[in-house]
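>
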Amino acid sequence: MTKIYDWILIGAGITGSALAYELGKLGLEVLLLDQSADGDIPAESLSASGHERDRATRYSYGGVHWYGNSGDMGKLFQEGKARHEQLSDELGMDTEYRPVNLLFTVDPGQDVERTIAAYEQMSDPFQILSPQEACEIEPLLNPEAIVHALILEQAQVNPILLNQAYQQAMIRQGGAMEMGEVQELENHRDRSYSVSTSEDIYRAKNVVVCAGGWTRQLLKQAGIDIPIYFTHAELIEILETNQRLSSFVIPSQTQLYQLETVSSRPELEFLWDEPGHELAPAIVDTSAVQFQDGRLLLGQLSRTVTDPQAQVNPQKSEQEIRQKVGQVLPALAQEPGTWHSCLVAFVHQNFAIMGAVPKREGLYVFSGFTAPMTLVPAIAPRFARQLTGTPDPLLSPFILKSNEY
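Quick note: the sequence shown, position 152, residue 170 per the working numbering, numbers continuous.
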């Protein structure tokens, strides 16, 4: 007889893994589904474009940020920080949470006064640096590529280890994790669901789709339209290098949020269901981050192409990323590394989307996070309690509304 779980979660990135753990803590029988174990990606799972399904967590920069937010959002960001400070002990595995300096570069031609004024609205104090002062803190910087830098202390976590820690803790408390690419989602007359994968068929009373950038396509295959979108994120991973970054280097004015806003305007909604459209020009936010084991990520090139398996030119993308990074961090530009691409979910001018799918009792979505490494550890326990009958007013801005369906 087929076992019927209380909850099946589709997608074992940070959103699915954290929520599975939190539901398991409440005593529920949980199954976490993903196409492959984190860090174990078979060659046949790669699309022709090189996309690795549900690997956005692996290529996350791991930033834990709590600056610049007040009110309820500020509370959630601060709560995320507090959760990280004790998650290693709670989950029984070191997540490599540590303080880091965020160094925001101010480029030539940028409106310096306007940039500084924007950062002065933040809740956390920051320091304004000259190019020479910035290079004293981060010796790999090219002083001629910037006119100023802003610095403040935040934190970083190893996203791979954090994700594994959630998964292992979930299994220890009685949950299960299975591998297989989801192929069909079916609602039965008894209001239960079956999820068919390339390996087996599983049953549950409730299903949560936490599939990141693949969420839209997966739900669309089930005849469901949800206002969630994705960027194709491209970066270079360097596993072995003698270079050492002293800080988390990112631009003071990122282009990603503008790209997301422009590409998800309501009048463009119909184009998201047609492959082959590029809804805005691709952008590169010149950035670099290093983890405790020395692994470096350089990026990030982002594009909004409506086909999740769109063909891209890896050599051209890698060349563009290296050229941009080389202007700011010349010592890193030619370090041997590998180009990677993954899908990153987002929603229009909001931090996330979650809740019950209208007219599909027992089906939920939990995806589209901005700043997932900070917000998911704070929101997952709240959402787990809401799913089991305890409404949370702090989550109301993110709840899927029927008029969005």
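Glycine residues also receive a C-beta, built at the ideal position from the N, C-alpha and C atoms.
Is it buried or exposed, V307, if we count other Cβ atoms within 10 angstroms and call 16 or more buried?
As a position in the sequence shown, residue 307 is number 289, starting the count at 1. It counts as buried.
> Whole angstroms are fine: how far does the CA of P245 sit from the CA of I371?
If you number the sequence shown from 1, residue 371 lands on position 353. If you number the sequence shown from 1, residue 245 lands on position 227. The alpha-carbon atoms of I371 and P245 are separated by roughly 9 Å.
> Have a look at I32 and T20 and give me their C-alpha separation to the nearest angstrom.
The sequence position of residue 32 within the sequence shown is 14, counting from 1. The sequence position of residue 20 within the sequence shown is 2, counting from 1. So the two alpha carbons sit approximately 28 Å from each other.
> Kindly give me the distance between the Cβ atoms of H250 and Y77, rounded to whole angstroms, as I take these residues to be in contact under 8 Å.
Locating residue 250 in the sequence shown gives position 232, counting from the first residue. Locating residue 77 in the sequence shown gives position 59, counting from the first residue. So it is not a contact: roughly 12 Å between Cβ atoms.
> Which full runs of the alpha helix (DSSP H) of 4+ residues lie inside the region 222-271, going along the chain?
Here the runs fully enclosed are 233-239.
> Taking contact to mean at least 3 C-beta pairs separated by less than 8 Å, is the region 193-205 in contact with the region 341-349?
These segments do not touch.
> Count the other C-beta atoms from every protein chain shown that fall within 10 angstroms of the C-beta of F266, then say buried if there are 16 or more, exposed otherwise.
Taking the first residue of the sequence shown as 1, we reach residue 266 at position 248. Buried, by the Cβ-count rule.
> If you scan the region 169-201 from start to end, which runs of the beta strand (DSSP E) of 3 or more residues do you find wholly inside it?
List check, beta strand (DSSP E) in window: 194-197.
> Can you find the residues in the same chain that come closer than 8 Å, C-beta to C-beta, to L289, ignoring five residues on each side of it along the sequence?
The residue given as residue 289 occupies position 271 in the sequence shown. H295, L297, T324.
> Using only the alpha-carbon positions, how far apart do G373 and M188 sit?
For the purposes of this step, residue 373 is taken as residue 355 along the sequence shown, with counting starting at 1. For the purposes of this step, residue 188 is taken as residue 170 along the sequence shown, with counting starting at 1. Cα-Cα distance, rounded: 22 Å.
> Where does W290 fall in DSSP's three states?
To locate residue 290, count along the sequence shown from 1; it is residue 272. W290: helix per DSSP, three-state reduction.
> From L17 to T392, what does the alpha carbon distance come to, in whole angstroms?
Lying outside 19 to 423, the shown extent of the chain, residue 17 is not represented and no answer is given.
> Would you mind sorting I164 into buried or exposed? The rule is 16 or more other CB atoms within 10 Å of its CB.
The count along the sequence shown starts at 1 and reaches residue 164 at position 146. That one is buried.
> Put I155 into one of helix, strand or coil per three-state DSSP.
In the sequence shown, residue 155 corresponds to position 137, counting from 1. Helix.
> In three-state terms, what does DSSP make of T33?
Working through the sequence shown from its first residue, we reach residue 33 at position 15. Correct three-state label for T33: helix.
> Where do the ends of the alpha helix (DSSP H) carrying A402 lie?
Taking the first residue of the sequence shown as 1, we reach residue 402 at position 384. Per DSSP, A402 belongs to the alpha helix (DSSP H) from 390-405.
> Please give the ranges of any alpha helix (DSSP H) in the region 319-392, keeping only runs that are unbroken, at least 4 residues long and fully inside the region.
Taking only runs of at least 4 residues, the alpha helix (DSSP H) segments lying wholly in the region 319-392 are 332-346.
> Under the three-state reduction of DSSP, which class applies to T123: helix, strand or coil?
On the sequence shown, position 105 is the one that residue 123 refers to. T123: strand per DSSP, three-state reduction.
> Hey, I397 and K223: beta-carbon distance below 8 Å or not?
For the purposes of this step, residue 397 is identified with residue 379 of the sequence shown, where counting begins at 1. For the purposes of this step, residue 223 is identified with residue 205 of the sequence shown, where counting begins at 1. Cβ atoms of I397 and K223: not closer than 8 Å.
> Please classify V438 as buried or exposed, where buried requires at least 16 neighbouring CB atoms within 10 angstroms.
Given that the chain is displayed from residue 19 to residue 423, the structure contains no residue 438 and the question cannot be resolved.
> By DSSP, does Y39 sit in helix, in strand, or in coil?
Position 21 of the sequence shown holds residue 39. Of the three classes helix, strand and coil, the one that applies to Y39 here is helix, per DSSP.
> Quick one: does the C-beta of E47 sit closer than 7 Å to a heavy atom of the ligand ZN?
Looking at this structure, you won't find the ligand ZN or any other ligand, since it has none at all.
> What number of angstroms, rounded off, separates the C-alpha of A229 from the C-alpha of Y184?
Along the sequence shown, one-based indexing puts residue 229 at 211. Along the sequence shown, one-based indexing puts residue 184 at 166. Cα to Cα, the separation comes out at about 16 Å.
> Under the three-state reduction of DSSP, which class applies to T408: helix, strand or coil?
For this step, residue 408 is matched to residue 390 along the sequence shown. Looking at T408 - three-state DSSP - the assignment turns out to be coil, as it is neither helix nor strand.
> Which word fits R73, buried or exposed, when buried means at least 16 other C-beta atoms lie within 10 angstroms of its C-beta?
The sequence position of residue 73 within the sequence shown is 55, counting from 1. By the 10 Å Cβ count, R73 comes out buried.
> Which same chain residues, not among the five before or five after T388, have their C-beta less than 6 Å away from its C-beta?
Taking the first residue of the sequence shown as 1, we reach residue 388 at position 370. F369.
> Which residue comes first and which comes last in the beta strand (DSSP E) that contains L424?
What is shown of the chain runs 19 to 423, which leaves residue 424 out entirely.
> Here's the rule I'm using: 16 or more other beta-carbon atoms within 10 Å means buried, otherwise exposed. How should H206 be labelled?
Walking along the sequence shown from the start, residue 206 turns up at place 188. With fewer than 16 Cβ atoms within 10 Å of its Cβ, H206 is classed as exposed.
> Quick check: G386 and F364, are their CB atoms within less than 8 Å of each other?
The sequence position of residue 386 within the sequence shown is 368, counting from 1. The sequence position of residue 364 within the sequence shown is 346, counting from 1. Yes; because the gap between Cβ atoms is below 8 Å, this pair is in contact.
> On the DSSP letters alone, give me the boundaries of the beta strand (DSSP E) that D311 sits inside.
The count along the sequence shown starts at 1 and reaches residue 311 at position 293. That residue, D311, is in no beta strand (DSSP E); it is neither H nor E in DSSP.
> Relative to the C-alpha of R313, which residue among A30, T272, A38, Y79 is closest?
What you label residue 313 is simply residue 295 of the sequence shown in a count that begins at 1. Of A30, T272, A38, Y79, the residue nearest in Cα terms is Y79.
> Count the other CB atoms within 10 Å of the CB of L46; is the residue buried (16 or more) or exposed (fewer)?
Reading the sequence shown from its first residue, position 28 is the one you call residue 46. Burial call: buried.
> Between I28 and V200, is the Cβ-Cβ spacing less than 8 Å?
Here residue 28 refers to the residue found at position 10 of the sequence shown. Here residue 200 refers to the residue found at position 182 of the sequence shown. Yes. Within cutoff.
> Go ahead and pull the three-state DSSP assignment for S67.
What you label residue 67 is simply residue 49 of the sequence shown in a count that begins at 1. Low local confidence applies: a pLDDT of 40 at S67 is under 50, so the model's placement there is unreliable, and no value is given.
> Evaluate contact between the region 121-130 and the region 159-173, counting only Cβ atoms and requiring at least three cross-stretch pairs below 8 Å.
The region 121-130 is in contact with the region 159-173.
> Distance, Cα to Cα, G42 vs A36?
Taking the first residue of the sequence shown as 1, we reach residue 42 at position 24. Taking the first residue of the sequence shown as 1, we reach residue 36 at position 18. Each residue's alpha carbon lies about 10 Å from the other.
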